[in-house]
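Report on one structure; see the data block that follows.
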Amino acid sequence: MGTSAIIFYTIATIMIVFSLLAVTSRKILRAAVYLLFALGGTAAVYFMVNYFFLAAVQLIVYAGGIVVLIIFSILLTSHIEEKMQKPDSWKIILTSILGLGGTTLCLYVITNHLFASQPSTGVEATMTTIGEKLLGYREGGYVLPFEVISILLLAAMIGAIVVAKRNKPEGNG
Amino acid sequence: MSLQELLLLRHEWALIASVLILLVLELNFSEEKKSNSISSASILFAIVTLLGFLPAETGSTFGGMYVTDPLRILMKNILNISVLVVFLQSGAWLRTKNNYNRITEFYLLMISSVIGVNFMISAGHFLMFYLGLELLTIPIAAAASYDQYKSKSAEAGIKLILTSAFSSAILLFGLSLLYGSTGSMYFSEMEFSTNSLQILGFVFFFSGLGFKISIVPFHLWTADVYEGSPTNVTSYLSVVSKGAAVFVLVLLLVNLFDPLRQVWQQVIYGTAIFTMTIGNLFAIRQQNLKRYLAFSSIAQAGFILLGVIGGSALGMASVIYFVLVYVFSNLAAFGVVIAIEQSAGKINMKDYNGLYKTNPRLSLAMMLALFSLAGIPPLAGFFGKFFLFTAVAESGYFVLLLIAVLNAVISLYYYLLVVKAMFINKSEFPVPYFQSDYPTRIALSGCVIGILIIGFYSPVFEYIKQLCLASL
Chain X
146 MGTSAIIFYT
156 IATIMIVFSL
166 LAVTSRKILR
176 AAVYLLFALG
186 GTAAVYFMVN
196 YFFLAAVQLI
206 VYAGGIVVLI
216 IFSILLTSHI
226 EEKMQKPDSW
236 KIILTSILGL
246 GGTTLCLYVI
256 TNHLFASQPS
266 TGVEATMTTI
276 GEKLLGYREG
286 GYVLPFEVIS
296 ILLLAAMIGA
306 IVVAKRNKPE
316 GNG
Chain E
34 MSLQELLLLR
44 HEWALIASVL
54 ILLVLELNFS
64 EEKKSNSISS
74 ASILFAIVTL
84 LGFLPAETGS
94 TFGGMYVTDP
104 LRILMKNILN
114 ISVLVVFLQS
124 GAWLRTKNNY
134 NRITEFYLLM
144 ISSVIGVNFM
154 ISAGHFLMFY
164 LGLELLTIPI
174 AAAASYDQYK
184 SKSAEAGIKL
194 ILTSAFSSAI
204 LLFGLSLLYG
214 STGSMYFSEM
224 EFSTNSLQIL
234 GFVFFFSGLG
244 FKISIVPFHL
254 WTADVYEGSP
264 TNVTSYLSVV
274 SKGAAVFVLV
284 LLLVNLFDPL
294 RQVWQQVIYG
304 TAIFTMTIGN
314 LFAIRQQNLK
324 RYLAFSSIAQ
334 AGFILLGVIG
344 GSALGMASVI
354 YFVLVYVFSN
364 LAAFGVVIAI
374 EQSAGKINMK
384 DYNGLYKTNP
394 RLSLAMMLAL
404 FSLAGIPPLA
414 GFFGKFFLFT
424 AVAESGYFVL
434 LLIAVLNAVI
444 SLYYYLLVVK
454 AMFINKSEFP
464 VPYFQSDYPT
474 RIALSGCVIG
484 ILIIGFYSPV
494 FEYIKQLCLA
504 SL
């Protein structure tokens with residue numbers, strides 16, 4: 146086993162452990178922090194396969210942005226000390242059987258699939274190529290999804306305003 | 034990139050422009066006149082709908098990410114009309130006191146969602162499909178929690194956003210498996226052979242879309258969200274959101290997933306039976322009309338799946354025709370529920386007792402809508418079901434056909450329950466006589482005319498069938 150394999154399995158173990166902790170922890174702030182480590186692990190995998198841009202985005206957007214956002218919203222809306230209710234034991238058993246069954250099925254199918262090896266295109270994922278792809282409008286260009294996402298964000302902002310907006314006191318029937 | 038290529042996206046441009054115009058218009062309305070945006074939004078959307086009917090170029094652009102053809106344009110037009118009806122029915126509700134400072138936002142959210150619908154239908158790449166799906170759902174989750182002072186509305190919003198996040202995750206996992214096995218996300222480049230990885234990916238994809246169409250076993254959110262949301266949002270969810278997902282399902286199954294036909298026919302065979310039966314059985318027990326229509330719409334989704342199973346042009350055409358009829362029938366039913374809720378604040382079945390004595394025209398509209406949903410001749414719903422059953426018989430699924438016919442009979446029973454309440458049951462305190470506002474009346478009469486006309490005017494079905502044949 147080479148060094149990279151050892152590093153990969155270490156990262157993978159960290160990711161799996163922290164993902165499990167994130168969904169089983171009964172304190173919500175802890176769950177958010179565990180999630181941070183799981184996301185960091187993903188970034189590490191990207192670094193391993195030389196996707197530096199993706200790794201940086203993963204770190205900045207997910208670890209830096211989204212987890213901080215989650216923690217902020219937890220601090221603003223709920224009590225940190227509050228513990229989540231413990232689910233019934235039959236629920237735990239049933240969901241773990243289902244989860245394990247699903248995981249086994251997926252792993253079985255994926256590991257038994259013969260993936261056709263794609264010839265390397267020889268294109269380096271430099272910032273220039275990424276930028277050209279992102280704003281390209283020919284085949285392989287992503288400008289349309291890029292713009293649709295901006296509409297999605299506008300809609301999400303309007304939605305957030307609607308949810309948060311209060312009526313003025315006199316209209317508060 | 035030429036202007037001509039950009040004009041292929043006409044539906045989307047028109048919708049985006051109307052969002053921007055509304056945003057700017059809203060700024061210019063004074064505080065007391067915010068309700069002006071009700072009429073301006075309706076007029077704007079009517080223009081957008083009309084624009085959609087102008088003859089259009091077809092083709093694909095953005096390197097194949099965006100595809101448009103006459104069939105897709107027809108789908109968009111059907112959905113645009115139904116959104117227009119929803120808008121016309123929403124005026125009275127938006128004018129109520131609790132909504133006075135968020136009238137325009139309702140339209141902005143709805144139109145954004147329609148933009149998502151359009152991009153999803155025209156997708157030529159799974160990324161566009163996924164973005165369209167998200168853009169369709171996220172604004173609606175905000176709209177579902179519009180009634181700020183009702184905890185049920187907040188519950189509906191949170192349930193919708195959580196289930197849609199969950200279903201998106203499943204769908205994305207399926208898509209990543211499909212990408213892993215085909216090496217592309219462009220529909221035109223994906224090649225399917227029935228290996229187990231692709232089957233697994235397809236099943237995940239189908240489950241994700243199944244949440245949107247509320248196919249059993251992915252229907253658990255439906256009744257709660259439909260009940261809690263404002264009724265206008267419910268009618269949008271049950272008609273536009275569901276209709277769009279059905280359209281996309283048909284398009285993708287018949288064109289893209291054709292090599293996996295053996296697989297999806299089995300999947301649909303099972304889910305169709307469960308969806309029809311469970312939807313019907315639960316609908317019988319409902320007293321709240323919104324929950325009742327929720328389960329009725331689940332059962333209707335089961336019937337829709339019947340048409341998909343053949344995967345032929347006839348099946349496709351019968352699905353699109355059925356959705357067209359379903360749009361008018363369901364919107365008419367919801368229109369009556371909305372009108373009565375706004376004037377009397379009642380949504381239970383027993384409140385409808387003796388409605389015919391006080392509001393004969395509304396009762397007639399409701400009766401026609403329910404008869405059409407049940408599939409009683411000579412209304413359009415009958416022809417919708419007839420074509421669906423023909424498509425099933427043509428593909429040779431006779432057991433499925435038998436179950437479907439039995440289910441149609443069961444559904445007749447619970448649709449008649451409401452009719453009985455309105456026309457036969459007596460009540461000491463029926464809903465008093467009232468007149469709804471003009472737009473609601475226009476929308477309701479439009480729906481009733483649709484229910485009556487579409488069935489008899491045979492060129493409609495012929496036209497749809499022709500488009501389907503051309504698209505295969």
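Chains as they are written, first to last, in this note's numbering: chain X, 146 to 318; chain E, 34 to 505. For each residue, glycine too, the CB sits at the ideal point set by N, CA and C. Just so you know, these numbers come straight off a predicted model, no measurement behind them.
| Asked | Found |
| --- | --- |
| Check whether the segment 159-177 of chain X touches the segment 239-253 of chain X, counting contact only when three or more Cβ pairs, one atom from each stretch, lie closer than 8 Å. | no |
| If you compare alpha carbons, which of E:372, E:123, E:250 and E:49 is closest to residue 151 (chain E)? | E:49 |
| Entirely within the segment 213-244 of chain E and at least 3 residues each: give me those beta strand (DSSP E) ranges in chain order. | none |
| Can residue 93 (chain E) be considered in contact with the ligand GDP, in the sense that its beta carbon sits closer than 6 Å to one or more heavy atoms? | The ligand GDP is absent from the structure shown, which contains no ligands of any kind. |
| Check whether the segment 291-302 of chain E and the segment 333-348 of chain E touch, using three or more Cβ-Cβ pairs below 8 Å as the test. | yes |
| I'd like the span of the alpha helix (DSSP H) that includes residue 91 (chain E), first residue to last. | No alpha helix (DSSP H) holds residue 91 (chain E); DSSP gives it neither H nor E. |
| Can you find the residues in the same chain that come closer than 8 Å, C-beta to C-beta, to residue 135 (chain E), ignoring five residues on each side of it along the sequence? | 179 |
| Taking C-alpha atoms, which residue in E:155, E:46, E:72 and E:65 lies nearest to residue 100 (chain E)? | E:155 |
| Let me know the secondary structure DSSP gives residue 261 (chain X) once reduced to three states. | coil |
| Are at least three pairs of beta-carbons, each pair with one atom in the segment 471-481 of chain E and one in the segment 366-386 of chain E, less than 8 Å apart? | yes |
| Alpha carbon to alpha carbon, how far is residue 431 (chain E) from residue 425 (chain E)? | 8 Å |
| Within the 7 Å Cβ cut-off, does residue 263 (chain X) reach chain E? | yes |
| Could you tell me which chain A residues have their CB closer than 7 Å to the CB of residue 284 (chain X), listed as they occur along the chain? | Among the protein chains of the structure shown, namely X and E, there is no chain A. |
| Tell me the residue span of the beta strand (DSSP E) that contains residue 100 (chain E). | 99-101 |
| List the whole-angstrom C-beta distance separating residue 481 (chain E) from residue 401 (chain E), where the pair is believed to meet the contact cut-off of C-beta under 8 Å. | 6 Å |
| From the DSSP secondary-structure annotation, give me the bridge partner or partners of residue 158 (chain E). | E:219 |
| Assuming residue 150 (chain X) is part of the alpha helix (DSSP H), what are its boundary residues? | 148-169 |
| Per DSSP, residue 172 (chain X) forms a beta bridge with which residues? | X:228 |
| Compare the beta carbon distance of residue 183 (chain X) and residue 160 (chain X) with 7 Å and say whether it is the shorter of the two. | yes |
| Residues of the segment 296-311 of chain X in Cβ contact with chain E at a cutoff of 9 Å, in chain order, please. | 296, 297, 299, 300, 301, 303, 304, 305, 306, 307, 308, 310 and 311 |
| Give the range of the alpha helix (DSSP H) segment to which residue 44 (chain E) is assigned. | 43-61 |
| Check whether the segment 81-95 of chain E and the segment 428-448 of chain E are in contact - that is, three or more C-beta pairs closer than 8 Å. | no |
| Taking C-beta pairs closer than 7 Å, name the residues in chain X that residue 228 (chain E) reaches, listed in chain order. | 258 |
| For residue 201 (chain X), which residues of its own chain have a beta-carbon under 6 Å away from its beta-carbon, when the five flanking residues on both sides are left out? | none |
| In angstroms, rounded to a whole number, what distance separates the CA positions of residue 489 (chain E) and residue 413 (chain E)? | 7 Å |
| Where does residue 321 (chain E) sit, in a helix, a strand or coil, going by DSSP? | strand |
| For residue 151 (chain E), which of helix, strand or coil comes out of DSSP? | helix |
| For residue 381 (chain E), does the three-state DSSP call read helix, strand or coil? | strand |
| If you reduce the DSSP assignment to three classes, tell me which class residue 317 (chain X) lands in. | With a pLDDT of 44 at residue 317 (chain X), under the threshold of 50, the predicted position of this residue should be treated as unreliable, though the coordinate-derived value follows. Residue 317 (chain X) falls in the coil class under three-state DSSP. |
| With DSSP run on the structure shown, which of helix, strand or coil describes residue 470 (chain E)? | coil |
| What are the residues in the segment 146-173 of chain E lying within 7 Å of chain X by C-beta distance? | 148, 152, 160, 161, 164, 167, 168, 171 and 172 |
| Rank E:103, E:87 and E:236 by C-alpha distance to the C-alpha of residue 505 (chain E) and give the top, closest one. | E:103 |
| Can you tell me where the alpha helix (DSSP H) with residue 440 (chain E) in it begins and where it stops? | 431-456 |
| Taking only three categories from DSSP, how would you classify residue 345 (chain E)? | coil |
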